[in-house]
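Numbering (the working numbering), first residue to last: 7 to 70.
These notes are about the structure you will find just below.
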């Protein structure tokens, strides 16, 4: 299922990689698209929304 998150604090390419790696650690098959300017992260995954949000938050980003 496709899920969209508002993620605050992503300021560089390293931030994008950290978020992508966090999601892929949870679901290696996940597709992740990030728009850093808008703070939007789109994730195609079978994992529950709470689990994906938690993985991103563990990297130090505020997730809504």
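Think of the CB as a built atom: it goes at the ideal place given N, C-alpha and C, for glycine as much as any other residue.
None of these values were measured; they are calculated from a predicted model.
Query raised in the report: Cβ atoms of residue 61 and residue 29: under 8 angstroms apart, would you say?
Result: At the C-beta level, residue 29 and residue 61 come within 8 angstroms of one another.
CB contact flag (residue 33, residue 52, <8 angstroms): The answer is yes: Cβ separation under 8 angstroms.
Note to self: For the beta strand (DSSP E) containing residue 37, name the first residue and the last one.
What the structure shows: 37-41 is the extent of the beta strand (DSSP E) around residue 37.
**Asked** Just the Cα atoms here: how many angstroms apart are residue 46 and residue 40?
**Response** Between the alpha carbons of residue 46 and residue 40 lies a distance of about 6 angstroms.
**Prompt:** Quick one, are the C-beta atoms of residue 14 and residue 63 less than 8 angstroms apart?
**Reply:** With respect to the 8 angstroms criterion, residue 14 and residue 63 are not classified as neighbours on the basis of their beta carbons.
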